[in-house]
Ligand SMILES: Cc1ncc(COP(=O)(O)O)c(C=O)c1O
Ligand SMILES: Cc1ncc(COP(=O)(O)O)c(C=O)c1O
């Protein structure tokens, strides 16, 4: 059974601390191995004021991702990306001052086995883990295994999640609660859905753990609006579309700076 | 009911008379309306020593004909041939000194009605009729109607015809008995089948009416051999192939002369 | 609406034909002398077999275990609602190989075995009868040769390959209109040469005696089953209308046979361009006296239908007789109406019918819309086959 | 030959899954959080419906009247003679739309109506599940959208048009291998956005709980019917071997369910290039924990099979469990063996099987030839579908 009395881990402590200064949190995403020098994106993210960085381990069948991240995954895999190589790349990085959170599909975790997988993450300096196809009721074992390895397993909450379950997710999630802003896949959207505010409010009723809104947040305006409800945002497809279009670390740094600014204005 | 006590009609009398001189009988066939001056073929036939002439009324669905006569029928129909026109053409002919026998499928007879059809034949100088898809057991009515109009309805006998029926056909046939030399459609063949001799012998057991062998007889040699068993031959496809290939009346006259000669040698 | 004088007349219809295979003035055995004996043998063998419970039992078993009989009677609920009638479909599309043709073919193939034949020949239009023949031949270890018009070969590619896959030889017929009529002529021509070891498996209620009678008897299973199913499913026991499409007329004959002695009105639906019963005149073709489309000179004209199985200029002799008696009536629908009906059935009932069968439905729809079928009347329609074979035709159209 | 230790073991297999939809260590509900509630609703609705005689009655009626159940058990007499075994075929090819997929789809469509959904979505490989879904949707007045890999769209043209004719929207999937796996991913992605009014009609015993269980229960009718038919037809009552092809594994699961508590040996036959059960390793895909083909990095590899319905790199979780238990075994056959078996069945029994089903037969032939099936042993094989859809594939090959 998951030990519910654990004290917060480093990711949560870091995010809480930043939030408590009144800062809107920003967690940009990059698909690991997407370009030869892909870790430069991480440096750029940190420099642009990211509060945490999400690194995707590409999977052959990203069933919860829209076209942009599907394409990014395919590109990275075609370049030979794998869990092992991506973690090796991360190991070579200096401390960026913000927590690294890996996200991937459960098959890649199972492939190595939860213990080995989490140990490898930890060795690479990763402290958080997001597994979008491992919902709360299947996550107990990995939560414990991860915790034992020093990894915080983040759970996702969705607008469709009904009441008692939502509180349970908020309680059992580690690091932060990943609030899925809308009923859909990842990918840029024209506007933030009403469901985002609603869901955040509902989550907040049960926890004071940081809540980051993700899925579809693509523009400074959307980030600003999301920041009004949640503690911060995850920005994935909007980053990856630029990367796929050839944008380099500096371009991304500039883009993230606009998001940072939007969050800070709030 | 067919009046079985009728005395022979002109076709039969003519053929009997010729046969009784020891002559092998020759009945060439032409598809009516096959060329603009198609009746010239009839003159050529007579001149070449035909003992009777068969004129086919082309039908859209010649189910008992092989490719040559199918093609001849199609050609004639495409030229606008019809019962009416063909008979009109025949009406214009002088007496050729040999009986004219029309052959066609039963649908064309039914179309005008047996009585009108036979009357029209008679008016055109025709005295015999062959309807290959009107077998003996369906032929009573037409036999009588034809007889009343002065037309002899020839019945066909086949190698497959069993015994009591064969005698019946021989008895009921008028003009002559048409012995189908083989189990097949009309069309040229490499050799005369054994069934030809056998069938002729069987027919002869029951009648002294003239017996002509038809279907597949294409060469002088075959005619000569057929003449050994039967009273004569019908030659259709071998004539029509030449006509379709462009042979004129003189060419056909020459061809028929070879058959005449072969029959006479016997 | 109901024509009492017709429907209440009690005629002993759809029994055995009279002598010489006559249905009224139609039928007969107008075969070339070379085929007369072969026809007689088939007639004799059929008569014996049909009286033999052993033969019937074997056939019934094949129909059940191999062909999937009985077929259901499906209430077409959504379409019925739209039309304001109660429409029931006799589902011959669910038989093995996808049409009613298999009923007849299994019967004839079994008869061929009984007669010591080692080979079947057949003509085919839509290819359904050819596929059924190839199937029965494979099942019973016979050889099969199927004659098919070149034009039909082109529009029914799927079935051509199915036949070949089943081991049958498919012979393209390039004469005449290159459709069913010519394929039939060619099969007859071929049969003359091989009667000794080959059975000609005619595909509809046409041809020389005993075919029209025999094929109707082999298809009677449709009507017999439907009669019993209607008795169980319909409040009235017997439907008001019994409807089937008519090419040669075998699915209609088999269906009608189950209802000939009832008050049900019988409706045969022909293709506008192949309306032998509705618009043919007396003639003889392919061995029988019946109604055929002809020109002023007595030449058989070419039929034209989007449904290859209805693309035949004549109709079986018993239908001609039923028409004369007034026991059945024969109506026509256009290609467009048939295609529309096919789509409508697909969208309302999830059934893509053969274009042949869609003709029957098109009439039901038209008659219901026109008020010719009183609201609430019950209609039994034989869905003679499934539409898979027509998909490429439809695809080009839609 | 008989492995007594395995076959006599009495395990309570193929009942309800354990908590969280587990079959042994497999199964579960590994759905994104956005779909968890939708899955729960389906599970709850299914559990209630399945316990409701009204629902069961309506479904049974649809299966009988619309889909043509029961399907026959056909003794394959000529092929049995050649092989020296007694082979019986459970004829799912005779169902409406031509494969066992309709059994499941009618169940789920009825459930969707019960849940107040107005629309069905589905993934399809061979197109059979798509056609079945489009059919059920038309029949029950629902909308339907079918996701299909671009590669499958190309090789199953006929089915694509059938779906459209039935009123369904067909969405081409151009990602990944452009086959079933990718179509499934795309359907799941789409479902996330429309759970409120749309039921995801999964086509095999895969996906998150309750699908593997529910689909097996809807397919159980195959095994239940076959069990009763074997009891009546076989001297031994129960066949020695029960064989079915395995893509996701629904026809096999439905068949096996009828025989799980007997001495019959259960054999699942996979495509050589899609052998999830025979050669997969533990993983999670499309919502469930099971066996999947993967590379050394844990990426799912692309399956390759001439049979689009077997072109899936995984297998349903219950099969993984049956394999672990030793209750069923899983074997593979090559494309060539399957094609050969299809032709052989066509030529000996007059049945052109779906290439998927031909895999099951290919194993029977191989095992009989190799003496693995003792002479005279009885084999029940589920013929999951008819081969019409594969004709163009075969045509290119032959
Ligand atoms: C499905 C279907 N229905 C009907 C017909 C027409 O035949 P019949 O009028 O003999 O029933 C055919 C002929 O091929 C057919 O395939
Ligand atoms: C005819 C047929 N058989 C088998 C399958 C494989 O599915 P399953 O393994 O779920 O029975 C399919 C899938 O499309 C199919 O169409």
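Protein chains in written order, with our numbering: chain U, 38 to 303; chain Z, 38 to 303; chain S, 2 to 399; chain D, 2 to 399. Cβ atoms here follow ideal geometry from the backbone N, Cα and C, with glycine treated the same way.
Restricting attention to Z:147, Z:246 and Z:152, the CA atom closest to the CA of residue 191 of chain Z is found in Z:246. A buried status is given to residue 107 of chain Z, since no fewer than 16 other beta-carbon atoms sit within 10 Å of its beta-carbon. In this structure, the alpha-carbon of residue 243 of chain D lies about 12 Å from that of residue 364 of chain D. Think of a sphere of 8 Å around the beta carbon of residue 69 of chain D: the chain S residues whose beta carbon falls inside it are 69, 72, 73, 92 and 95, in chain order. Around the C-beta of residue 157 of chain S, 16 or more other C-beta atoms lie within 10 Å, and the residue is accordingly described as buried. By the Cβ criterion, the stretch 357-372 of chain S is in contact with the stretch 268-275 of chain S, since at least three pairs of Cβ atoms, one from each stretch, lie closer than 8 Å. The C-alpha of residue 327 of chain S lies about 26 Å from the C-alpha of residue 299 of chain S.
Residue contact check for residue 288 of chain S against chain D: no CB pair falls below 7 Å.
The beta-carbon of residue 197 of chain Z is placed less than 7 Å from the nearest beta-carbon of chain S. Residue 129 of chain D has its Cβ nearer than 6 Å to a heavy atom of ligand 2.
In the three-state reduction of the DSSP assignment, residue 218 of chain S falls in the helix class, which pools H, G and I. Using a CB distance cut-off of 7 Å, residue 64 of chain U does not count as an interface residue toward chain D. If only complete runs of 4 or more residues are kept, the stretch 133-193 of chain S shows the alpha helix (DSSP H) at 151-156, 158-166 and 181-193, in order along the chain. If you compare the alpha carbons of S:286, S:127, S:24 and S:147 with that of residue 325 of chain S, the shortest gap goes to S:24. In this structure the stretch 89-107 of chain S does not touch the stretch 34-47 of chain S; the number of beta carbon pairs closer than 8 Å is below three. Between residue 80 of chain S and residue 88 of chain S, the CB-CB gap stays under 7 Å.
Interface annotation, residue 89 of chain S: not in contact with chain Z, CB-CB separation never under 7 Å. At a cut-off of 7 Å between beta carbons, residue 190 of chain D contacts chain U.
Looking only at Z:198, Z:217 and Z:261, the smallest Cα-Cα distance to residue 302 of chain Z is reached by Z:261. Of all C-beta pairs linking the stretch 281-291 of chain U to the stretch 218-235 of chain U, fewer than three are shorter than 8 Å, placing the two stretches out of contact. A Cβ-Cβ distance of about 6 Å is found for the pair residue 90 of chain Z and residue 135 of chain Z, placing them in contact under the 8 Å criterion.
Under the rule that a run must span 3 or more residues, the beta strand (DSSP E) segments found entirely inside the stretch 48-90 of chain Z read 62-68. Residue pairing by DSSP places residue 89 of chain D opposite D:76 and D:381 in a beta bridge. Among the residues of chain S, those whose CB is under 9 Å from the CB of residue 65 of chain D are 73, following chain order. In this structure, residue 250 of chain D has its CB closer than 6 Å to one or more heavy atoms of ligand 2. Residue burial is scored here from C-beta neighbours: residue 105 of chain U has at least 16 other C-beta atoms within 10 angstroms and is therefore classed as buried. Judged by DSSP in its simplified three-state form, residue 163 of chain Z adopts strand. Under the three-state reduction of DSSP output, residue 261 of chain S falls in the coil class, being neither helix nor strand.
In the assembly as shown, residue 220 of chain D is a buried residue. Its beta-carbon has 16 or more other beta-carbons within 10 Å.
Counting only Cβ-Cβ distances below 8 Å, residue 175 of chain U has contacts in chain D at 21, 29, 30 and 31, in chain order. Contact between residue 171 of chain S and residue 149 of chain S is confirmed by a C-beta separation of about 6 Å, below the 8 Å threshold. Setting aside the 5 residues that flank it on each side, residue 160 of chain S is surrounded in the same chain by 128, 132 and 390, each with a C-beta closer than 6 Å to its C-beta; the list follows chain order. For a Cβ distance threshold of 8 Å, nothing in chain D lies close to residue 267 of chain S: the least Cβ distance comes to about 24 Å.
At a cut-off of 7 Å, the C-beta of residue 159 of chain S has a neighbouring C-beta in chain D. Residue 277 of chain S counts as buried, since at least 16 other C-beta atoms from the protein chains shown sit within 10 angstroms of its C-beta.
Under the Cβ criterion (8 Å, minimum of three pairs), the stretch 120-134 of chain Z does not count as touching the stretch 167-178 of chain Z.
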